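In order, the protein sequence lines correspond to chains A and B. Just so we're aligned: the first sequence equals residues 79 to 551 in our numbering. Just so we're aligned: the second sequence equals residues 8 to 496 in our numbering. A quick write-up on the structure given underneath.
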Amino acid sequence: MSWNTVVGLEIHAQMATQSKMFCACRRQAGALPNSNICPVCVGWPGALPVLQGEAVRCAIRAAICLGCDIQELSRFDRKNYFYPDLPKGYQISQFYHPYALGGSIPFTRDDGSAAVLPLVRIHMEEDAGKSSHEEDGTSRIDLNRCSSPLLEIVSEPLLMSGTEAASCVRSVRALLRWVSVCDGDMEKGNLRCDVNVSVMPEDAVELGTRAELKNLNSFVSIERSVVVETARQIDVIEGGGQVVQETRLWDQDKEVTASMRGKEDSPDYRYFPEPDLPVVWITEDDIQQQSGNLPEMPEDRRQRWLNEYDFPEREVVPLLSRRENGDYLESLILEGVKPASASNWFRGEILKQLNEREERIEVFPVTAQSLALVIKAVEEDRISVATGKELLQKSLDTGSDLKTLLESTDEQVQDEGALGEWVDQVLSDNEDAVNKIRGGDDRAIGFLVGQVMKLSKGQAHPKKVQDLMRARI
Amino acid sequence: MVNDAASSLPDPGATSHEVLAHLQSGKCTTKTLISEYLNFLETTGKRLGAVVEVFSQSALQEAEASDARRMAGEALGVLEGIPFTAKMNICTEEGTTDASSAMLAGFEAGVDATVVQKMRSAGAILVGKSSCDEFAMGASNESSAHGVVRNPWDASRVPGGSSGGAAALAGAFGWAIHLGSDTGGSIRQPAAFCSATGMKPTWGRVSRRGLIAFGSSLDQIGPLARDAKDCQIALEVLQGSDPLDATSHSFPESSKEPIRKIGWIRQGFGEGIDASIREQVEAARSILEKDGIEFVEVSLPTMAQANACYQVIATAEASSNLARYDGIHVGKRKDSNDLEELYSSSRSSGFGAEVRRRILLGTFVLSSGYIDAYYGRAQSVRQEIREEILSALEDVDALMMPVSPFAPFKIGERIDDPLALYACDILTVTANLAGVPAVAVPCSFDNEGLPVGMQWLGKHGDDHRLLQLASLWQELNDTWKSVPQGGQS
Chain A
79 MSWNTVVGLE IHAQMATQSK MFCACRRQAG ALPNSNICPV CVGWPGALPV LQGEAVRCAI
139 RAAICLGCDI QELSRFDRKN YFYPDLPKGY QISQFYHPYA LGGSIPFTRD DGSAAVLPLV
199 RIHMEEDAGK SSHEEDGTSR IDLNRCSSPL LEIVSEPLLM SGTEAASCVR SVRALLRWVS
259 VCDGDMEKGN LRCDVNVSVM PEDAVELGTR AELKNLNSFV SIERSVVVET ARQIDVIEGG
319 GQVVQETRLW DQDKEVTASM RGKEDSPDYR YFPEPDLPVV WITEDDIQQQ SGNLPEMPED
379 RRQRWLNEYD FPEREVVPLL SRRENGDYLE SLILEGVKPA SASNWFRGEI LKQLNEREER
439 IEVFPVTAQS LALVIKAVEE DRISVATGKE LLQKSLDTGS DLKTLLESTD EQVQDEGALG
499 EWVDQVLSDN EDAVNKIRGG DDRAIGFLVG QVMKLSKGQA HPKKVQDLMR ARI
Chain B
8 MVNDAASSLP DPGATSHEVL AHLQSGKCTT KTLISEYLNF LETTGKRLGA VVEVFSQSAL
68 QEAEASDARR MAGEALGVLE GIPFTAKMNI CTEEGTTDAS SAMLAGFEAG VDATVVQKMR
128 SAGAILVGKS SCDEFAMGAS NESSAHGVVR NPWDASRVPG GSSGGAAALA GAFGWAIHLG
188 SDTGGSIRQP AAFCSATGMK PTWGRVSRRG LIAFGSSLDQ IGPLARDAKD CQIALEVLQG
248 SDPLDATSHS FPESSKEPIR KIGWIRQGFG EGIDASIREQ VEAARSILEK DGIEFVEVSL
308 PTMAQANACY QVIATAEASS NLARYDGIHV GKRKDSNDLE ELYSSSRSSG FGAEVRRRIL
368 LGTFVLSSGY IDAYYGRAQS VRQEIREEIL SALEDVDALM MPVSPFAPFK IGERIDDPLA
428 LYACDILTVT ANLAGVPAVA VPCSFDNEGL PVGMQWLGKH GDDHRLLQLA SLWQELNDTW
488 KSVPQGGQS
């Protein structure tokens, strides 16, 4: 029998706010354990949560760019469970009345076609702290993450494979990064994903029983876990068994999923309305204000670039993956660099450097302003491409200012008088090579130009040297 | 200049506003006043079990500072020099805040609740912490980890609860404001039992930040004092929006006019209400009618379900609010290598029987499969009660009924029968469910000499109108002025 896989997503995105969701504590990764905490986020007796506007504004931006229907009134509920990294004994979430319904994620089907994954809802909730368990049995608890704002994005189960699931998560990540809602670093855990997987015979109408794979934290684990879980479920059914509804954990090293808890053991969270918080009221004005604050969206930028800059389609796509990359590229153009060379330099040099340095363009030490000076010098033939690249490398290696480096670089010699002297000397020193060329073997011309470059200590303009040489041979 | 004026202390039953005038006229210093009040707390207060901690040193220092301010002619607060206490479930920087529970034994909050900050800013001086039922769950003050509190009018009887300590202090002696909390009657019922005046403000009018939560949608901090005017001055200080409590805001009065038309709640005088209570409150009605107050009978049929509704909502919220006392971060830990075991043994040993019972009830009514039948139903009944009250209040300015269905009972009489104890709340929970303000005042004494109280409920925001009505009553009737024999030091 042929089987279809059906996949749905629950994406947890940590919002990139300055403060936490219900207190003014800094939301900062990498701080000393238990240093960014206050009575509110640790659930001190008597402390009350106060919803921070920043988190709501951030959530509104996410809902706008995913095309959701933002609810005028929503509210928070308490999700009750005991765990040491949840000091209040409940998590403040939106269960009954989430702030956003519907919406969709654009993604690419396995057959290459463009599609959208419909969303059920997005809700806001607070994160829990972090537990780490050591080998000697000690457990340590860090409450810094407590009450950090999260979005939970829940999709319909309409994907057909792990690669489609990964494509969706990539797409959400790009969008949320684009509008500065989420940093999107899966390895740092600020974007996490649960995947629901079920299988059904190809001609069936009803969905099979699903298993939920928890806390997948890389694209590889999303892709592979769906493949492995699909195979497992098919094995169970073809072996005469039944798939049970359960939560499973993915082991990336062993490439297996293992049961964590069945439906019967699933906790009863006893959701009820959070009495300490008033309803969340999002007005049309609030939405307008956020949509007015949104940067140019990727699709709009793509269209504009194709029209204004005449970029080939294949060049545009990689430039759209992060908004800040495109912003840098655009700054080069604003500084007077020709669009084609800006694109070449960015895709060739800058992306390579960012990769090697493992850093983001936001912290790249060379400003678009000074790089533009170098590119323009190349465009105007004042320095060679090789020199331009060397200058960039030198600036990155030594930390010296690129503009200063450029100013102390000798420009290429283009003057025919000076070039003629070097050419004449090389021609007279290398009669053999000159004779070969005269005899029809043109290969030696490169050698002769190289000799001129050497003699001029790299100052000669190679194209002009070659032209002169041909004229004189 | 002030002489050594110990001989000119105010009367034991004097109100705070009388004491303010007393201090203002220089008849005694704040230090003399405070030291005499501390003496009352150390003797009568402790004998009744009403006060748990007395902050003598800091209170005397603050009194001296207040005297110095007065001498220097500096600006003075509206409660300058007046002693105040906070219930054991209201956080104070000084001392412990254990909600009268072994679970929180020795717990130091380290910060003042907003209400405590506001009292201090108004010049009032924190003198101690009053006992209460464990986590404010009770109507007899018999479940406090600090022992039973006794009624100042009859030491063999309960003072009511859960703000029993505050009410016992306010009933026994004047001069002070006592901060209590009211989730289902916890200010009004003990006020009635101890012949004090107490009020539950409109929900949201007074910040709850710093109150150890019981049932958050019902909890409200309010004052207990000698008379309505004291409560009015205190409420002026306590009320207002607090950036640290998202549910707090300021409320306009529905009208500036004094209350002239009162709804007589039929259900407040029906089955289960002792005849002697009914008679005393009816007599009060006649007195008010003679003064020209108009009475009309109103019926609130859904009130019959109020107590059941309250028990579901209050316990549901409590089960969640008290989850944080798990022995991990806050609360007495019984260590174990097994996490489940650590939770269950810490919570089983830390909480008393009544608190455990309510956590279990609350957990049950929110459980999958039962939540609709219990919590969901209770929420709709709550909505009906609220609508019924508000609709009744469209025709009248206030609603009136007794506070407690019966007089203060003997210590031990009801403690083994939870249902008999829950019956204490039948007339008080309605105001909490509707979120409306309610004021309890001494009405009279029954033929055994035990205090009888009555209460008025008003529209949301009509707190001060109710207190004005209470002041009118206290001009017409001087029951509130009585101080128990031997009540004072």
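Each residue gets a CB set at the ideal place from its N, CA and C atoms; glycine is no exception. This structure is a prediction, so every number in the text was calculated from the model and none was measured.
What is the rounded straight-line gap between the Cα of S151/B and the Cα of T486/B? Numbered from its first residue, the second sequence carries residue 151/B at position 144. Numbered from its first residue, the second sequence carries residue 486/B at position 479. Rounded to whole angstroms, S151/B to T486/B spans 29 Å at the Cα level.
Starting from N158/A, find everything on chain B with Cβ-Cβ shorter than 9 Å and list it in chain order. Residue 158/A sits at position 80 when you count from the first residue of the first sequence. Chain B residues near N158/A: S326, S327, A330, T370, L373.
So, is the C-beta of H24/B closer than 8 Å to a C-beta in chain A? One-based indexing of the second sequence puts residue 24/B at position 17. Not an interface residue.
Through-space distance from E420/B to I378/B, alpha-carbon basis: Walking along the second sequence from the start, residue 378/B turns up at place 371. Walking along the second sequence from the start, residue 420/B turns up at place 413. Whole-angstrom Cα-Cα distance: 33 Å.
Just checking my contact of I132/B with S188/B at CB under 8 Å: how many whole Å lie between their CB atoms? Along the second sequence, read from residue 1 onward, the residue named residue 132/B stands at position 125. Along the second sequence, read from residue 1 onward, the residue named residue 188/B stands at position 181. About 21 Å separates the two Cβ atoms, so there is no contact after all.
As a quick exercise: from A183/B, G192/B, H24/B, pick the residue whose alpha carbon is nearest that of L428/B. Along the second sequence, read from residue 1 onward, the residue named residue 428/B stands at position 421. Comparing Cα positions, the closest option is G192/B.
Answer yes or no: does any C-beta atom of chain D fall closer than 8 Å to that of D354/A? Given the protein chain composition of this structure (A and B), no chain D is represented.
Using only CA atoms, which one of G171/B, L86/B, N314/B, A93/B lies nearest to V388/B? Working through the second sequence from its first residue, we reach residue 388/B at position 381. The shortest C-alpha separation from V388/B is found at N314/B.
Can you check which of these residues, P373/A, V452/A, P376/A, is closest to I411/A by C-alpha distance? Position 333 of the first sequence, counted from the start, is the residue given in the question as residue 411/A. For I411/A, the nearest C-alpha among the options comes from V452/A.
In whole angstroms, what separates the C-alpha of P390/A from that of S421/A? In the first sequence, residue 390/A corresponds to position 312, counting from 1. In the first sequence, residue 421/A corresponds to position 343, counting from 1. If I take the Cα positions, the gap works out to 10 Å.
What would DSSP say about C146/A, mapped onto helix, strand or coil? Locating residue 146/A in the first sequence gives position 68, where the first residue counts as 1. C146/A falls in the coil class under three-state DSSP.
Within chain B, partners of V120/A - CB distance below 7 Å: Along the first sequence, read from residue 1 onward, the residue named residue 120/A stands at position 42. Here the neighbours are H336.
Contact with chain A by S188/B, beta-carbon distance below 8 Å: Translated into the one-based positions of the second sequence, residue 188/B becomes position 181. No, because no Cβ of chain A sits closer than 8 Å to the Cβ of S188/B.
Taking W182/B and G456/B to be in contact with their CB atoms under 8 Å, please state how far apart those CB atoms are, rounded to whole angstroms. The sequence position of residue 182/B within the second sequence is 175, counting from 1. The sequence position of residue 456/B within the second sequence is 449, counting from 1. Contact doesn't hold; Cβ gap of about 24 Å is too wide.
Which same chain residues end up closer than 6 Å to S63/B when comparing Cβ atoms and leaving out the 5 residues on each side of it in sequence? The residue given as residue 63/B occupies position 56 in the second sequence. Here the set comprises L45.
Go ahead and pull the three-state DSSP assignment for T51/B. In the second sequence, residue 51/B corresponds to position 44, counting from 1. T51/B: helix per DSSP, three-state reduction.
Interface residues of the region 197-230 of chain B facing chain A [CB-CB below 7 Å]: R215, R216, G217, L218, I219, S223, S224
Is there at least one Cβ from chain B nearer than 8 Å to V557/A's Cβ? With chain A covering 79 to 551 only, the question about residue 557/A has no answer from this structure.
Got a sec, what are the start and stop residues for the beta strand (DSSP E) Y381/B sits in? One-based indexing of the second sequence puts residue 381/B at position 374. Neither: Y381/B is in no beta strand (DSSP E) and is coded neither H nor E.
Mind the definition here: the region 273-284 of chain A touches the region 202-221 of chain A only if three or more C-beta pairs lie below 8 Å; say whether that holds. no
Residue range of the beta strand (DSSP E) that F211/A falls in? Counting from one through the first sequence, the residue named residue 211/A turns up at place 133. Here the sequence assigns His to residue 211/A, which means Phe is not the residue at that position. 208-211 is the extent of the beta strand (DSSP E) around H211/A.
Using CA atoms only, rank isn't needed, just tell me which of R365/B, K339/B, S352/B, V288/B is closest to I320/B. Locating residue 320/B in the second sequence gives position 313, counting from the first residue. The shortest C-alpha separation from I320/B is found at R365/B.
Verify the CB distance criterion: does D252/B have a CB-CB separation below 8 Å to chain A? Residue mapping note: residue 252/B aligns to position 245 of the second sequence, counting from 1. At least one chain A Cβ lies under 8 Å of D252/B.
Taking C-alpha atoms, which residue in I335/B, Y381/B, P458/B lies nearest to S283/B? Mapped onto the second sequence, residue 283/B falls at position 276. Taking only the C-alpha atoms, the option nearest S283/B is P458/B.
Which stretch, first to last residue, makes up the alpha helix (DSSP H) that contains V61/B? Indexing the second sequence from 1 puts residue 61/B at position 54. Looking at the DSSP string, V61/B is not in any alpha helix (DSSP H); the run it does join, the beta strand (DSSP E), is 58-61.
Please report the straight-line C-alpha distance between E212/A and S225/A, rounded to a whole angstrom. Mapped onto the first sequence, residue 212/A falls at position 134. Mapped onto the first sequence, residue 225/A falls at position 147. Answer to the nearest angstrom: the Cα atoms are 24 Å apart.
Reduced DSSP category for Q274/B - H, G, I as helix; E, B as strand; rest coil: To locate residue 274/B, count along the second sequence from 1; it is residue 267. Three-state DSSP puts Q274/B in a helix.
I believe I183/A touches V273/A by the beta-carbon criterion, under 8 Å. Please report the beta-carbon distance rounded to the nearest angstrom. Translated into the one-based positions of the first sequence, residue 183/A becomes position 105. Translated into the one-based positions of the first sequence, residue 273/A becomes position 195. Not a contact, Cβ separation roughly 14 Å.
Just checking my contact of V303/B with V403/B at CB under 8 Å: how many whole Å lie between their CB atoms? Along the second sequence, read from residue 1 onward, the residue named residue 303/B stands at position 296. Along the second sequence, read from residue 1 onward, the residue named residue 403/B stands at position 396. At roughly 6 Å, the Cβ-Cβ gap stays under 8 Å, so V303/B and V403/B are in contact.
Assuming the contact rule is C-beta atoms closer than 8 Å, G168/B and C139/B should be a hit. Round their C-beta distance to whole Å, please. What you label residue 168/B is simply residue 161 of the second sequence in a count that begins at 1. What you label residue 139/B is simply residue 132 of the second sequence in a count that begins at 1. Indeed they touch by this definition, with Cβ atoms about 7 Å apart.
Residues of its chain near G178/B, where Cβ-Cβ distance is below 6 Å and the 5 sequence neighbours each way are ignored: On the second sequence, residue 178/B is found 171 positions in, with the first residue counted as 1. Closer than 6 Å at Cβ, skipping near neighbours: P159, C201, S202, A203.
Can you find at least 3 beta carbon pairs, one from the region 228-244 of chain B and one from the region 140-148 of chain B, that sit closer than 8 Å? no
For L179/A, which residues from the same chain have a beta carbon less than 6 Å from its beta carbon, with the 5 sequence-adjacent residues on both sides left out? By 1-based counting over the first sequence, the position of residue 179/A is 101. The answer, listed in chain order, is D147, R199.
From the beta carbon of A120/B, is the nearest beta carbon of chain A less than 8 Å away? In the second sequence, counting from the first residue as 1, residue 120/B sits at position 113. For A120/B, the answer is yes, since a Cβ of chain A falls inside 8 Å of its Cβ.
Any C-beta of chain B sitting closer than 8 Å to the C-beta of G173/A? As a position in the first sequence, residue 173/A is number 95, starting the count at 1. Reading off the sequence shown, one finds Phe at residue 173/A, where the question assumed Gly. Taking Cβ atoms only, chain B never reaches closer than 8 Å to F173/A, which makes this a no.
In its own chain, which residues sit with a C-beta less than 7 Å from the C-beta of P19/B, not counting the 5 before and 5 after it? Along the second sequence, one-based indexing puts residue 19/B at 12. Excluding sequence neighbours, P19/B sits near F180, G181, V490, Q495.
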